[in-house]
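**Student:** Got a structure for you, written out below as structure tokens; questions coming shortly.
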Amino acid sequence: MERAAFLERVRERLSGVGGFDLPSVVPLTPASGNGLPPVERFPIELAKSGGLARVVPRARLAEAVAEVLGELPSGRRVVVAADVEPYRAEVDAGLEAAAAEVVRPPREEWRAEAATADWGLTSARLGVASTGSLLIVPGPETPRVASLLPPAHLVILPVEHLVPGLEQVMPVLTSLADASSAPVLITGASRTSDIEMTTVMGVHGPKVLRVLLVE
Amino acid sequence: MAMTPDAAVRKRFEDRADVQLRKRHLPLIIGRATDTREARRRDIFAELDLPGLRNAAEAVRAHTVANLHTYLDRFAERAEARGTKVFFAATAEEAVSYVRTLAAKRGARLIAKAKSMASEEIHLSPALEADGIEVVETDLGEYIVQLAKEPPSHIIAPAVHKSRTEIARLLAAHHGRSLPDDPEVLTAFAREVLRRTFLEADIGISGVNFGVAETGSLALVTNEGNGRMVTSLPPVHVAIMGMERIVPSFEELSLLLPMLVASATGRPVSTYFSFINGPRLPDEVDGPEEVHVVVLDNGRSKILGTEYQSILHCIRCGACQNVCPVYRQVGGHGYGAVYGGPIGAVLTPLLVGFEKAGDLPHASSLCGACTEVCPVKIPLHEQLLALRRDVAREQKPVVEGLAFRAWSTAWRRPWGYRLLARLARAGQGMFVRGGRIRKAPPPLSRWTNRRDLPPVARRTFRERWKDR
Numbered sequence: 002m003e004r005a006a007f008l009e010r011v012r013e014r015l016s017g018v019g020g021f022d023l024p025s026v027v028p029l030t031p032a033s034g035n036g037l038p039p040v041e042r043f044p045i046e047l048a049k050s051g052g053l054a055r056v057v058p059r060a061r062l063a064e065a066v067a068e069v070l071g072e073l074p075s076g077r078r079v080v081v082a083a084d085v086e087p088y089r090a091e092v093d094a095g096l097e098a099a100a101a102e103v104v105r106p107p108r109e110e111w112r113a114e115a116a117t118a119d120w121g122l123t124s125a126r127l128g129v130a131s132t133g134s135l136l137i138v139p140g141p142e143t144p145r146v147a148s149l150l151p152p153a154h155l156v157i158l159p160v161e162h163l164v165p166g167l168e169q170v171m172p173v174l175t176s177l178a179d180a181s182s183a184p185v186l187i188t189g190a191s192r193t194s195d196i197e198m199t200t201v202m203g204v205h206g207p208k209v210l211r212v213l214l215v216e
Numbered sequence: 007m008a009m010t011p012d013a014a015v016r017k018r019f020e021d022r023a024d025v026q027l028r029k030r031h032l033p034l035i036i037g038r039a040t041d042t043r044e045a046r047r048r049d050i051f052a053e054l055d056l057p058g059l060r061n062a063a064e065a066v067r068a069h070t071v072a073n074l075h076t077y078l079d080r081f082a083e084r085a086e087a088r089g090t091k092v093f094f095a096a097t098a099e100e101a102v103s104y105v106r107t108l109a110a111k112r113g114a115r116l117i118a119k120a121k122s123m124a125s126e127e128i129h130l131s132p133a134l135e136a137d138g139i140e141v142v143e144t145d146l147g148e149y150i151v152q153l154a155k156e157p158p159s160h161i162i163a164p165a166v167h168k169s170r171t172e173i174a175r176l177l178a179a180h181h182g183r184s185l186p187d188d189p190e191v192l193t194a195f196a197r198e199v200l201r202r203t204f205l206e207a208d209i210g211i212s213g214v215n216f217g218v219a220e221t222g223s224l225a226l227v228t229n230e231g232n233g234r235m236v237t238s239l240p241p242v243h244v245a246i247m248g249m250e251r252i253v254p255s256f257e258e259l260s261l262l263l264p265m266l267v268a269s270a271t272g273r274p275v276s277t278y279f280s281f282i283n284g285p286r287l288p289d290e291v292d293g294p295e296e297v298h299v300v301v302l303d304n305g306r307s308k309i310l311g312t313e314y315q316s317i318l319h320c321i322r323c324g325a326c327q328n329v330c331p332v333y334r335q336v337g338g339h340g341y342g343a344v345y346g347g348p349i350g351a352v353l354t355p356l357l358v359g360f361e362k363a364g365d366l367p368h369a370s371s372l373c374g375a376c377t378e379v380c381p382v383k384i385p386l387h388e389q390l391l392a393l394r395r396d397v398a399r400e401q402k403p404v405v406e407g408l409a410f411r412a413w414s415t416a417w418r419r420p421w422g423y424r425l426l427a428r429l430a431r432a433g434q435g436m437f438v439r440g441g442r443i444r445k446a447p448p449p450l451s452r453w454t455n456r457r458d459l460p461p462v463a464r465r466t467f468r469e470r471w472k473d474r
């Protein structure tokens, strides 16, 4: 059907309907910020969704990266997205210490590399303290697949990027509408409860999510 | 309408319910699942101003739906400016034919689907399969019911009626290998087989939780990550969106997203909130080349401007199903429709007509638990009652009408009341067993097939008063 005709039909049906106003006051939601400092709250909330976060000073970042990779028995093939470039020296030192194989794929090979990697390493635009969520913004150098295909995802996030609640994410999403095709808010590990309500992690997306909050 | 095979031939809710009730494990499984979800929902809102939140969420939905033409226009404008193709489908046929044409043009052979109630509603998959395309459901629960050749039985827990043993057998049979009934193992196995589907699919199809008018964006809520997969990996993404699924701007999502997820699962957010702004930008590394949005009317505009308009405020959380005593006994399949539970009992007759679904408003005890729990304050049980009235007006059950009129005429007169009581007393003798009427002759048997009745007392109050 033509858009004009479709919308005209809707308009006609609504012609007698009174106007309702958007709410002027909205109470705190289950995803709102509270009084707790974001850097304290973020790890607590993330842990409820099957992810782990810890705060590290920049000077100890390399060490922390190596520790995270060493914690798990998984392989050590790591695809690294370009948005962690500001921490390149620390990241490289950490990955080397963990004896990881580091891959920084050219554009056309990203998908194939990410599909076979053990870890994806990215940064994030924001961290939401109230829910432990990460706003990941794919762009020219950061592909979607880096945070999607590998079974484990490591995020390096400067603490300044933390916001108290979901409300503070919305203006950022509005401003991203023309700048990224698919921002995503990720909270913890991929999960399902489809079999007898038993929660299982890692059904399609990463099973493991680790966040290093850099001071 | 999609139904379970054994319920398919049964036209009336009460007959389909019989089929479901004979599956004795069903109320146990559904009861456990729905109890857990409802308890978690109550927990998460315990410390918050839930009445205030519900008022605000209702206001957002009422405002948007009352101005739907304006917001839909803006949504389409912005989405197209960003390279998304927006198609307005007045009917299910138009929507299906748009997707089939697109699939043919792309030479599609494999389609990966994320969960979408709207696509169930228009029976998209069977149409595409008839064209020789393989359509794979990728939400784990949907994949399970697809293998079982059944429709989903709950809005957000499609396979809630299946036990782990049944699921293990299904997957094993389909893939020709043996599998234990361990959810961890079964999930890992599904991850492996569905991963290939994501990477090889020619088209990804998803639903839409919210369309954002201000920016022409789509918001998708998933926990498994399949929503991100089908909208990111195949070269084409098609989203099917019920036309009422709009919000004015991102700002309103900071309320509606947590209300949806908390009401559905008791968590504040789901694992993935995907925001689709359009196809891959020229300088981006990955993402689909084409994004299409099919805006679906299919009977919705008929509801606008009526007393049922607020049913279009629904955000599809499934909370009304979790608390419904009828749903908890018969499950989603008892409703013989895509949308089950209280929301389905209201929406289905309005969408498909009283002829096909006029019995569904009776699939309720009118207890009002659904209305109490609805995060956008839809007066579901009042709408169910109003629908019963409308269905009766349209279908004019003549015999029933005459019977009730005769009854009312008789009972208005003391002698008529006494006469009927005496007749009932004389006639009921052979039907009373253990102090209850358990089996009455037709047409009263339609009542006693499922319920019993107290018998008429041996002596009336007047008789006892006289002998005092």
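Residue numbers (the numbering used here), protein chains in the order written: chain A, 2 to 216; chain B, 7 to 474.
A virtual CB, placed ideally from N, CA and C, is assigned to each residue, including glycine.
I want to see whether chain B comes within less than 8 Å of Val204/A, judged by CB atoms only; does it?
**Tutor:** yes
**Student:** To the nearest angstrom, report how far apart Gly346/B and Ala124/B are at their CA atoms.
**Tutor:** 14 Å
**Student:** Is it the case that the Cβ atoms of Arg197/B and Val204/A are separated by a distance below 8 Å?
**Tutor:** If you check the CB distance, Arg197/B and Val204/A come in under 8 Å.
**Student:** Determine the closest residue to Pro57/B out of Ala98/A, Arg55/A and Leu29/A, with distance taken between C-alpha atoms.
**Tutor:** Leu29/A
**Student:** Nearest to His129/B by CA position, among Pro157/B, Ala52/B and Arg419/B, is which residue?
**Tutor:** Ranking the options by Cα distance to His129/B, first place goes to Pro157/B.
**Student:** For chain B, check one thing: does any of its Cβ atoms lie closer than 8 Å to the Cβ of Ala178/A?
**Tutor:** yes
**Student:** May I have the straight-line CA-CA distance separating Asp137/B from Ala96/B, to the nearest angstrom?
**Tutor:** Spanning the two alpha carbons is a distance of roughly 22 Å.
**Student:** So which residues of chain B does Trp120/A contact, with C-beta pairs closer than 9 Å?
**Tutor:** Chain B residues near Trp120/A: none, gap ~16 Å exceeds 9 Å.
**Student:** What distance in whole Å lies between the Cβ atoms of Pro164/B and Val151/B, which are believed to be in contact at a cut-off of 8 Å?
**Tutor:** Rounded to whole angstroms, the Cβ separation of Val151/B and Pro164/B is 5 Å, and the two are in contact under 8 Å.
**Student:** Rounding to the nearest angstrom, what Cα-Cα distance links His162/A and Ala147/A in this structure?
**Tutor:** 20 Å
**Student:** With Phe94/B as the anchor, note down where its beta strand (DSSP E) starts and where it stops.
**Tutor:** Lys91 to Ala95
**Student:** Would you mind reading off the limits of the beta strand (DSSP E) that contains Leu119/B?
**Tutor:** First, the amino acid is wrong: residue 119/B is Lys here, not Leu. Per DSSP, Lys119/B belongs to the beta strand (DSSP E) from Leu116 to Lys119.
**Student:** Listing by chain order, which chain A residues have their CB less than 8 Å from the CB of Leu6/B?
**Tutor:** No answer is possible for residue 6/B: it lies beyond the span of chain B, which begins at 7 and ends at 474.
**Student:** Alpha carbon to alpha carbon, how far is Thr193/A from Pro152/A? Give it in angstroms, no decimals.
**Tutor:** Taking the straight line joining both Cα atoms gives about 15 Å.
**Student:** What is the DSSP secondary structure of Ile50/B, counted as helix, strand or coil?
**Tutor:** helix
**Student:** Under 6 Å Cβ to Cβ from Asp24/B, same chain only, skipping five residues before and after it: list those, please.
**Tutor:** No residues qualify anywhere along the chain.
**Student:** Cβ closer than 9 Å: which chain A residues qualify as neighbours of Leu59/B?
**Tutor:** Within chain A, the residues near Leu59/B are Val27, Pro28, Leu29, Thr30 and Pro31.
**Student:** Judging by CA-CA distance, which residue of Glu258/B, Gly89/B and Val66/B is the nearest neighbour of Pro288/B?
**Tutor:** Gly89/B
**Student:** So, at 7 Å on beta carbons, what are the nonlocal neighbours of Ala174/B in its own chain, with the 5 sequence-adjacent residues on each side left out?
**Tutor:** Leu185, Pro186, Asp187 and Leu192
**Student:** Using a threshold of 8 Å, state whether the C-beta atoms of Phe94/B and Arg4/A are closer than that.
**Tutor:** In contact: Phe94/B and Arg4/A (Cβ atoms closer than 8 Å).
**Student:** Under 8 Å Cβ to Cβ from Ser131/A, same chain only, skipping five residues before and after it: list those, please.
**Tutor:** Taken in chain order, the residues that qualify are Ala32, Ser33, Gly34, Asn35, Arg42, Glu46, Pro165, Gly166 and Leu167.
**Student:** Quick one: Cα of Asp84/A to Cα of Asn232/B, how far?
**Tutor:** Asp84/A and Asn232/B have their C-alpha atoms roughly 24 Å apart.
**Student:** Indicate the three-state DSSP secondary structure (helix, strand or coil) for His3/B in the structure shown.
**Tutor:** This structure cannot settle anything about residue 3/B, because the visible part of chain B is limited to 7 through 474.
**Student:** Taking the alpha carbon of Ala118/B as the reference point, which residue from Glu135/B, Arg334/B, Thr107/B and Val275/B has its own alpha carbon closest?
**Tutor:** Glu135/B
**Student:** Is Val244/B closer than 8 Å to Ile282/B when the C-beta atoms are compared?
**Tutor:** For the pair Ile282/B and Val244/B, the CB atoms are not nearer than the 8 Å cut-off.
**Student:** How about His339/B and Phe19/B: are their beta carbons less than 8 Å apart?
**Tutor:** no
**Student:** Under 8 Å between the Cβ atoms of Pro294/B and Pro331/B?
**Tutor:** For Pro294/B and Pro331/B, no; Cβs fall outside 8 Å.
**Student:** With distances taken Cα to Cα, identify the nearest neighbour of Ala178/A among Glu250/B, Ala85/B and Ala268/B.
**Tutor:** Ala85/B
**Student:** My output table needs one value for Glu143/B: the three-state DSSP class, helix, strand or coil.
**Tutor:** strand
**Student:** The beta strand (DSSP E) that contains Val79/A, what's its start and end?
**Tutor:** Arg78 to Val81
**Student:** What three-state label does DSSP hand Phe281/B in the structure shown?
**Tutor:** Phe281/B: strand per DSSP, three-state reduction.
**Student:** Around the C-beta of Cys323/B, are 16 or more other C-beta atoms found within 10 angstroms, so that it is buried, or is it exposed?
**Tutor:** Counting the other CB atoms within 10 Å of its CB gives Cys323/B a total of 16 or more, which places it among the buried residues.
**Student:** Would you please state the rounded distance, in angstroms, between the beta carbons of Ala120/B and Thr144/B? I believe it to be under 8 Å.
**Tutor:** 6 Å
**Student:** Output the distance between the C-alpha atoms of Arg399/B and Ser451/B, rounded to the nearest integer angstrom.
**Tutor:** 24 Å
**Student:** Thinking just about the alpha-carbon of each residue, which of Arg457/B, Arg30/B, Glu190/B and Phe204/B is nearest to the one in Ile196/A?
**Tutor:** Checked all of Arg457/B, Arg30/B, Glu190/B and Phe204/B; the closest Cα to Ile196/A is Glu190/B.
**Student:** How about Leu15/A: is its C-beta nearer than 8 Å to some C-beta of chain B?
**Tutor:** yes
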